[in-house]
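The numbering used here numbers the first residue of the sequence shown as 23 and each following residue consecutively.
Glycine included, every Cβ here is placed at the ideal spot set by N, Cα and C.
Below is one structure, written out as structure tokens; the observations come after it.
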Amino acid sequence: MVWTKKQAALLKGFLGEQGHHVDVRVAMTYGNPGVAQELDKLKAEGFTRVLILPAYPQYSGTTTAALFDAIYKWAERTRYVPELRFVNHFHDDPGYIGALAATVRKHWQANGQPDQLVMSFHGVPERTLHLGDPYHCECHKTGRLLAEALGLNKQQYTITFQSRFGKAKWLEPYTEPTLIAMAQAGTKKVDVMCPGFTGDCLETLEEINMEAREAFLHAGGAEFNYIPCLNDDLGWVRALTAITTQHLAGWPTQTLPDAAALAASRQAALALGSKD
């Protein structure tokens, strides 16, 4: 659960090619279709096992845990809860890192290598780090592993954080001020990517590819290139398939359910007074 419809369709297809008989649904923590809505549908359709696979590679209490909270809240009002599994993170998964590296190499083959590669992650308040949230560390590990895969030294890439709100201090360095400082210091060409997002959205296409671009060029930079998120890249879908398969281990996903038996079981339960 919790991906774009195209990613979900591709994931289901890749899993099917490996013999896994699973359904893949899309749900959103904030928006439609909602998490509770989709879980109600799955339960009504007779699903008894659900793997929750967030779209967030790095774990944070503000994102991943917020999704889990929504699921726990749904479970509180549900008499018979399906067996649930959760994927906490995949920030250092080799397939995920490899897919990121492949998108960068493809971009460099077409456009050349920049003076600096900027990896911009979504920001969170700094206090979350001091409270024990692993997000900051996981972002840096993703960045380090990606740089190693690309053969970059520490002077060739920068990790920043975007999307800060309010007056509180957020994780630093901030993306746009960093880009402005780079331009003012003489950096002419930058590539910017957002490894914490597995799909492009307003916070990548507008905040980074439009607003941050304008800030860098206005400050004296000469060339700004945005490297798109993984989206429906097939290398990424293969990696996502491997992550999913790992967490499905032990479930009878490669045994085709007997529809007639399931229907008979449901009818028997209804006859005994079951309401769903």
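Sorting 155, 140, 39 by C-alpha distance to the C-alpha of residue 147 places 155 at the top. In this structure, the CA atom of residue 205 is about 16 Å from the CA atom of residue 141. Under the DSSP definition of a beta bridge, residue 149 lacks any partner. Contact annotation: the stretch 249 to 260 touches the stretch 117 to 130, with at least three C-beta pairs closer than 8 Å. Nearest C-alpha to residue 74 among 84, 83, 92, 68: 92.
Residue 223 and residue 54 have their C-alpha atoms spaced approximately 15 Å apart. In its chain, beyond the 5 residues on either side, 226, 251 have a beta carbon closer than 6 Å to the beta carbon of residue 219.
Scanning its chain for C-beta atoms nearer than 6 Å, with the 5 sequence neighbours on each side dropped, one finds around residue 106 the residues 72, in chain order. Taking 8 Å as the cut-off, the beta carbon of residue 48 is found no closer than this to the beta carbon of residue 34. The continuous alpha helix (DSSP H) containing residue 204 extends over residues 197 to 206. About 7 Å separates the Cβ atoms of residue 36 and residue 260, confirming a contact at the 8 Å cut-off.
Per DSSP, residue 275 lies in no beta strand (DSSP E) segment and is marked neither H nor E.
Looking at the backbone, the Cα of residue 229 and that of residue 78 are separated by about 19 Å. In terms of Cα proximity to residue 81, the closest of 108, 195, 276 is 108. Distance check between residue 207 and each of 97, 137, 276, 115 places 137 closest, using alpha-carbon atoms only.
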